[in-house]
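Trainee:
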Amino acid sequence: MSLALALGRRGLGNTWPNPAVGAVIVREEHGVPVVVGRGWTQPGGRPHAEAEALRRAGEAARGATMYVTLEPCSHHGRTPPCADAIIAGGIARVVSALEDPNPEIAGAGHARLRAAGIAVEVGLGADEARRAHAGHLRRMRDRRPHVTLKLAVSADGKAGAAGRRPATITGEAARARVHRLRAMNDAILVGIGTALADDPQLTCRLPGMAAFSPVRVVLDSRLRLPVGSALATSARTTAVWVIGATDAPPEPARILRDAGVVDLQAAGSEGRLDLAAVLRLLAERGITRLMVEGGPMVAASFVAADLVDAAALFRSTKIIGPDGIDALDGMALETLTSRLGSLGREPVGEDSVEFFARA
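Everything in the sequence shown is counted per this note's numbering, starting at 89 for the first residue and increasing by one.
1. Starting from the Cα of residue 375, find the closest Cα among 218, 227 and 200 and give me that residue.
2. In whole angstroms, what separates the C-alpha of residue 91 from that of residue 215?
3. Please name the residue, chosen from 251, 328 and 300, that lies closest to residue 288 on a Cα-to-Cα basis.
4. Around the Cβ of residue 191, are there at least 16 other Cβ atoms within 10 angstroms (buried) or fewer (exposed)?
5. Residue 345: buried (16+ other C-beta within 10 angstroms of its C-beta) or exposed?
6. Just to confirm before moving on: does the CB-CB distance between residue 250 and residue 234 stay below 8 Å?
7. Exposed or buried, which one is residue 174 when buried takes at least 16 other CB atoms within 10 Å?
8. In or out: residue 120 buried (at least 16 other Cβ within 10 Å) or exposed?
9. I want to see whether chain B comes within less than 8 Å of residue 275, judged by CB atoms only; does it?
10. Hey, how far is the Cα of residue 431 from the Cα of residue 342?
11. Would you report the Cα separation of residue 225 and residue 336, rounded to the nearest angstrom?
12. Comparing C-alpha positions only, which one of 407, 95, 116 and 202 sits nearest to residue 110?
13. Here's the rule I'm using: 16 or more other beta-carbon atoms within 10 Å means buried, otherwise exposed. How should residue 138 be labelled?
14. Tell me the residue span of the beta strand (DSSP E) that contains residue 430.
15. Using a Cβ-Cβ cutoff of less than 7 Å, which residues in the same chain neighbour residue 202 once the five nearest sequence positions on both sides are dropped?
16. Assign residue 317 to one of three DSSP states: helix, strand, or coil.
17. Return the residue from the list 125, 373, 435 and 286 that minimises the CA-CA distance to residue 254.
18. Taking C-alpha atoms, which residue in 213, 127 and 333 lies nearest to residue 366?
19. I'd like to know if the stretch 296-311 and the stretch 395-412 are in contact, where contact means that at least 3 CB-CB pairs between them fall below 8 Å.
20. I think residue 186 touches residue 229, with their Cβ atoms under 8 Å apart; what is that distance to the nearest whole Å?
21. Keeping to the same chain, check which residues put their C-beta closer than 6 Å to that of residue 258; ignore five residues upstream and five downstream.
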């Protein structure tokens, strides 16, 4: 199961709206367990992990055991049910980490396997599987993505220089780690303030990882994103979704659409978007894992709405000074960290990163 979970993680960020599942097929040969097939959900969500593992195992799957990180599907979508493929492949036993809360499955996959005479065990590796499938579980149960807040914080708790000017806080190693985190999320979100001040690209710029860049989402109630910005000019290469208010002016929307930007609308009031409505909108479009990168006002808004499920806190040894911008605008950093449990802290070059998650 540990191998299946490791394989499944290969798909994080590029299988949405489907979960990133891992599957391993094992059979006994001369009293020794031998892996005869392994698979993980492919980009775009298909083929599924179980089908990949069965394809690789071939006839060796007959009489073998499949370890899979999530209940095999039982419904007809773009592909036939994995439960049927497992039955046809001659698998004798399935060890599944979790039941799938998807109402189209919700135990039906396991039931179909049992009805076909296959031994089914559920629960091995469940805790780790819940973390691996946090996005899928959150989208199915709460109709929103799993939200990770990424913050880069100076030694004195600042995220920007005086006058809301951007400041380089962390070093190259930490920035490379952020690019890896981006690749493991379906979408990355910033506010229009950050988009205007920093003109960011928000892509994965590690060698060979450009194709793993997430959808880039900008909260922009009045549609102020410049058509000449780094985001808009690259929208035909890597998707950009701008979320405006329902009463946003139509002309900027048309200009952005002509540039390849997807313009969406969410409810809001007094110039602020309703974050719960934004997350529902993203979930409806298939997003399961969302990383919020900034800026301080957007970060504080997510914390205030209790919509942060996990956090990656990059800490620097640099000092910005008392006039700098707090990491959470108008809010103590402890407001965030006290709500989440620490998963541990580790060095990243000259900086460090501490991960947090809901208990």
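Glycine is no exception: its CB is placed at the ideal position from the N, C-alpha and C atoms.
Remember, predicted model here, so these are calculated numbers, not experimental data.
Mentor: Result, derived from the coordinates:
1. Looking at the Cα atoms, 227 is the closest of the given residues.
2. In a straight line, the C-alpha of residue 91 is about 15 Å away from that of residue 215.
3. Here the closest residue by C-alpha is 328.
4. So residue 191 counts as exposed.
5. In summary, residue 345 is exposed, with fewer than 16 beta-carbon neighbours lying within 10 Å of its beta-carbon over all protein chains present.
6. Result no, Cβ atoms of residue 250 and residue 234 do not sit closer than 8 Å.
7. Around the CB of residue 174, 16 or more other CB atoms lie within 10 Å, so the residue is classed as buried.
8. It is exposed - the Cβ of residue 120 has fewer than 16 other Cβ atoms within 10 Å.
9. Given the protein chain composition of this structure (a single chain), no chain B is represented.
10. For residue 431 and residue 342, the gap between their C-alpha atoms comes out near 45 Å.
11. Near 33 Å, if we compare the C-alpha coordinates of residue 336 and residue 225.
12. Considering only alpha carbons, the answer is 95.
13. By the neighbour-count rule (16 or more Cβ atoms within 10 Å), residue 138 is buried.
14. Here the beta strand (DSSP E) through residue 430 covers 429-436.
15. The beta carbon of residue 202 is closer than 7 Å to those of 208 in its chain, skipping five residues each way along the sequence.
16. Coil.
17. Out of 125, 373, 435 and 286, 286 has the C-alpha closest to the C-alpha of residue 254.
18. Out of 213, 127 and 333, 333 has the C-alpha closest to the C-alpha of residue 366.
19. No contact exists between the stretch 296-311 and the stretch 395-412.
20. A Cβ-Cβ distance of about 12 Å is found for the pair residue 186 and residue 229, leaving them out of contact under the 8 Å criterion.
21. Excluding sequence neighbours, residue 258 sits near 240, 402, 404 and 439.
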